[in-house]
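Heads up: the structure comes next, in structure tokens.
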Amino acid sequence: TPFLPHTHVVRTIGNMTSFDAGRGCPFQCSFCTIINVQGRQSRRRSPDDVERILRENWAQGVDRYFITDDNFARNKDWEIIFDRIIELRERDGMDVRFMIQVDTLCHKIPRFIEKAKRAGVTRIFIGLENINPDNLMVAKKRQNKITEYRKMLQAWKAAGIWTYAGYILGFPGDTCESIAADIEIIKKELPLDILEFFFLTPLPGSEDHKSLWTKGIAMDPDLNKYDLEHAVTAHPKMSKAEWEKIYWDAWQLYYTPEHIETIFRRAKASGIDIYRLMVIVLWFAASLRVERVHPLQGGILRFKNRHERRPELPLEPAFVFYPKFAAEFLRKHAQIAREAWRIRRICARVDKDPRSLAYSDLALSPVMDDEVENLAMFTHNAGAKAAVVHARKIRELTHAAV
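Using this note's numbering, you'd call the opening residue of the sequence shown number -6 and step up by one each time.
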């Protein structure tokens, strides 16, 4: 990982830099290219190396990090790395903070969440991908068990750590109606903070891309569209227009004013600073509404260079480009200001509510054995019901063995 000087890091939102504590993921998700780039065998930095990185950055005033391991929970040295960071925080007073990527079974690793909290992890990204077990099997995402989603998310909530999750749209069984219904289930039954959506995309280097190419299935030749925001191949149940529409609609369905308030109430009850969370919610909600781009491509100010255009597009004259850009800049930032005002009002209302610390709802309610018969996530299709039966059999066999 290249060491970035403070002059570069200070230009990022949050004054954040990154490093990899390890490489290699043991899973075989068919849409993923990382396993072909970084391999499936775990290779790790030593705790000494991690400490060196942290101290060098600390010396230049950088204390926020994104650990880029595709799945830090499967880094075989996660515990000794966390122990070293805990030592730096608690003994040497280095108030470092981290965002990490984990899988949906990380809560089953003894001490993992507890030590993540002590090590300064404040945010996690989870490859949730879908709540339909049939879709997860298509993607070879066998490690994702929908029967564990609530336990996992509640464990992170109990630690006061923000949760981000990725969600893929466009599996073969998806329809516009099923996607919309699944989002409503997520809103009601899973205590997620930030949810971001992606097209199922056959990225070059992934198993999905190889499979489609081998079968002779057409894929868009324009690699600019392989950004997880465009449909680049045909879908069996949705037209391209329908697929792209439900992608944009998904963001609006999740980030409604009502659900934003619910996100804040759940966070407040979990001890999370909702004003900090408000900034992220604004970023994710406004990027789509204002800029029409994925939040990870968004920012505070958008700069455009008149000369930076795709080769087939003509260069606009200065007297056309600059007035148009100025008008667009003012219009969009007026929209952002309105969004910020609206979301801050919601946040302030939740913060001032004396009942907010005692807030609870279905998503925060303790996981019960009989919920698999009552919650929509476990009953909304045959795949979900089959997953529940399978989980019950595994539990019975495990108890019998004990």
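Yeah, the Cβ is synthetic: ideal placement off N, Cα and C, and Gly gets one too.
Fair warning: this is a prediction, and the values are worked out from it, not measured in the lab.
*Can you round the beta-carbon distance between residue 23 and residue 201 to whole angstroms, since I take them to be within the 8 Å contact cut?*
Within the sequence shown, residue 23 is the residue found at index 30, counting from 1. Within the sequence shown, residue 201 is the residue found at index 208, counting from 1. Yes, they are in contact, since the Cβ atoms of residue 23 and residue 201 sit about 5 Å apart, within 8 Å.
*At 4 residues or longer, and completely inside the region 14 to 97: list those alpha helix (DSSP H) runs for me, N to C.*
You should have 27 to 30, 40 to 52, 71 to 85.
_I'd like to know if the region 231 to 248 and the region 172 to 188 are in contact, where contact means that at least 3 CB-CB pairs between them fall below 8 Å._
When Cβ pairs closer than 8 Å are counted between the two stretches, the region 231 to 248 is seen to touch the region 172 to 188, the count reaching three or more.
*Would you call residue 184 buried or exposed, if buried means 16 or more other Cβ atoms sit within 10 Å of its Cβ?*
Taking the sequence shown and counting its residues from 1, the one referred to as residue 184 is at position 191. By the Cβ-count criterion, residue 184 is buried, with 16 or more other Cβ atoms from all chains shown falling within 10 Å of its own Cβ.
*Would you mind reading off the limits of the alpha helix (DSSP H) that contains residue 253?*
Mapped onto the sequence shown, residue 253 falls at position 260. Run containing residue 253: 250 to 262, per the alpha helix (DSSP H) assignment.
*Answer with buried or exposed for residue 68, where buried requires no fewer than 16 other C-beta atoms within 10 angstroms of its C-beta.*
Taking the sequence shown and counting its residues from 1, the one referred to as residue 68 is at position 75. Classification of residue 68: buried, given that the 10 Å Cβ count is 16 or more.
*What's the call for residue 323, buried or exposed, on a 16-neighbour Cβ count within 10 Å?*
Residue mapping note: residue 323 aligns to position 330 of the sequence shown, counting from 1. Classification of residue 323: exposed, given that the 10 Å Cβ count is below 16.
_Buried versus exposed, by CB contacts within 10 Å (16 or more), residue 32_ = In the sequence shown, the residue the question calls residue 32 occupies position 39. Its Cβ having fewer than 16 others within 10 Å, residue 32 is exposed.
_Contacts around residue 169, its chain only, beta-carbon distance under 6 Å, and the 5 residues preceding and following it disregarded_ = In the sequence shown, residue 169 corresponds to position 176, counting from 1. Excluding residues within five positions, the ones whose Cβ falls inside 6 Å are 235, 239.
*Output the distance between the C-alpha atoms of residue 167 and residue 210, rounded to the nearest integer angstrom.*
Sequence index remark: in the sequence shown, residue 167 carries index 174 (1-based). Sequence index remark: in the sequence shown, residue 210 carries index 217 (1-based). When the Cα atoms are used, residue 167 and residue 210 turn out to be separated by approximately 19 Å.
_For residue 219, the three-state DSSP class (helix, strand or coil)_ = Counting from 1 along the sequence shown, the entry for residue 219 is found at position 226. Correct three-state label for residue 219: coil.
*Buried or exposed: where does residue 206 fall if 16 or more other Cβ atoms within 10 Å of its Cβ makes it buried?*
Working through the sequence shown from its first residue, we reach residue 206 at position 213. Counting other Cβ atoms within 10 Å of its Cβ, residue 206 stays below 16 and is therefore classed as exposed.
*Whose C-beta lies closer than 6 Å to the C-beta of residue 155 among residues of the same chain, with five residues either side of it excluded?*
Numbered from its first residue, the sequence shown carries residue 155 at position 162. If we look at residue 155 and ignore the five residues flanking it on each side, its Cβ neighbours are 116, 186.
_On the CB-based measure, 16 or more other CB atoms within 10 Å of its CB, does residue 149 come out buried or exposed?_
What you label residue 149 is simply residue 156 of the sequence shown in a count that begins at 1. It is buried - the Cβ of residue 149 has at least 16 other Cβ atoms within 10 Å.
*Using three-state DSSP, classify residue 160 as helix, strand or coil.*
Walking along the sequence shown from the start, residue 160 turns up at place 167. Of the three classes helix, strand and coil, the one that applies to residue 160 here is strand, per DSSP.
*Can you grab the Cα-Cα spacing for the pair residue 53 / residue 290, in whole Å?*
Along the sequence shown, read from residue 1 onward, the residue named residue 53 stands at position 60. Along the sequence shown, read from residue 1 onward, the residue named residue 290 stands at position 297. Between residue 53 and residue 290, the C-alpha separation is close to 27 Å.
_Please list the terminal residues of the continuous alpha helix (DSSP H) segment that includes residue 313._
Taking the first residue of the sequence shown as position 1, residue 313 is located at position 320. Counting along the chain, the alpha helix (DSSP H) containing residue 313 begins and ends at 311 to 345.
*Whose CA, out of 135, 30, 160, lies closest to the CA of residue 399?*
No answer is possible for residue 399: it lies beyond the span of the chain, which begins at -6 and ends at 395.
_By the three-class DSSP mapping on this structure, what secondary structure does residue 358 have?_
As a first step, residue 358 is located in the sequence shown; it is residue number 365 there, counting from the start. Note: residue 358 maps to coil in three-state DSSP.
*Using DSSP with H/G/I as helix, E/B as strand and the rest coil, what is residue -4?*
Taking the sequence shown and counting its residues from 1, the one referred to as residue -4 is at position 3. The answer is coil: DSSP assigns residue -4 none of H, G, I, E or B.
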